[in-house]
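Okay, so here's the structure we're looking at.
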Amino acid sequence: MRVLGIDPGLRNLGWGVVDVLGPKITHIADGVCKSSTGTLAERLLELHNQLTDVIKKYKPTTSAVEKTFVNKDGAGTLKLGQARGICLLAPAQAGLDVSEYAPNTIKKVVVGVGHADKKQVEHMVQMQFPGMSFVGPDAVDALAIALCHAHHAQFSGKLDAAIARAQGVA
0 MRVLGIDPGL
10 RNLGWGVVDV
20 LGPKITHIAD
30 GVCKSSTGTL
40 AERLLELHNQ
50 LTDVIKKYKP
60 TTSAVEKTFV
70 NKDGAGTLKL
80 GQARGICLLA
90 PAQAGLDVSE
100 YAPNTIKKVV
110 VGVGHADKKQ
120 VEHMVQMQFP
130 GMSFVGPDAV
140 DALAIALCHA
150 HHAQFSGKLD
160 AAIARAQGVA
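Numbering that gives the first Met the number 0 applies: residue 0 is where the sequence shown begins, and numbers increase by one.
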C-alpha cells in the first residue's frame with residue numbers, strides 16, 4: 000500500500016508519501032505545493048496542478064487528508080476549506096480513496112497524545128524515519144497524516160481478517 004498524506008493549506012499544502020508493507024513503513028517522498036500571489040481561483044488551480052503532479056509521479060494507492068475546524072478567523076477558515084477541497088478533489092480524480100482524520104486523532108496515533116504540539120509530532124515523525132530530512136513543517140504534518148492512515152488501515156485489515164476467520168470465511 001502506498002499512502003499519500005495531505006496537510007491542507009492555501010499558501011503551503013504539505014504532502015508526504017509512505018509505503019506500507021506489513022509492519023514496515025518506509026518514507027518515499029515529501030514536499031510542499033506552494034501557491035503564489037494571484038486570485039483565489041488562480042492559487043487553487045496552482046495547488047491542484049501541483050498535487051496532481053505529485054499523484055502522477057508517486058502513484059499512491061490511497062490517500063488521507065487532515066480535517067479542519069472553524070477558528071476565530073472566519074474568512075481564513077473559508078479559504079482553508081477551499082484549499083482542502085483541492086486536497087479531496089485531486090486524489091478522488093485519480094481514483095483514490097480519500098480518508099479524513101481529525102488533528103487530535105493524528106496526534107494520538109503518531110505521538111500517543113491527542114493534544115501534542117507540533118514539535119512532538121515532528122520528533123515522532125523523525126523517529127519513524129531516522130536520518131531523513133524533510134522539506135518543512137507542512138511536509139512533516141503530511142507524513143504524520145500518512146502514518147495515521149497507515150496504522151488505521153493496518154488495524155482495519157487485521158480486524159476484517161479476524162472477523163472473516165471468526166465467521167469461517169477465511
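Backbone N, C-alpha and C define an ideal beta-carbon position, used for all residues, glycine too.
Because the structure is a prediction, the values reported are computed rather than measured.
Query                                                                                                                                                                          : Result
Per DSSP, what kind of secondary structure is Val-110 in: helix, strand or coil?                                                                                               : coil
Expressed to the nearest angstrom, what Euclidean distance is found between the alpha-carbon atoms of Val-112 and Gln-119?                                                     : 9 Å
On the criterion of 16 or more Cβ atoms from any shown chain inside 10 Å, does Ala-149 qualify as buried, or is it exposed?                                                    : buried
Bridge partners of His-26, per DSSP?                                                                                                                                           : Val-17
I need the straight-line Cα distance from Gly-130 to Gly-21, nearest angstrom please.                                                                                          : 22 Å
Going straight from the alpha carbon of Leu-79 to that of Leu-95, what length do you get?                                                                                      : 22 Å
Following the continuous beta strand (DSSP E) through Asp-6, name the residue where it begins and the one where it ends.                                                       : 1-6
Using only CA atoms, which one of Gln-166, His-151, Gln-153, Ala-145 lies nearest to Ser-62?                                                                                   : Ala-145
By the three-class DSSP mapping on this structure, what secondary structure does Ala-63 have?                                                                                  : strand
Taking all protein chains shown into account, do 16 or more other C-beta atoms lie within 10 angstroms of the C-beta of Lys-56, making it buried, or fewer, making it exposed? : exposed
Can you tell me where the beta strand (DSSP E) holding Val-97 begins and where it ends?                                                                                        : 97-100
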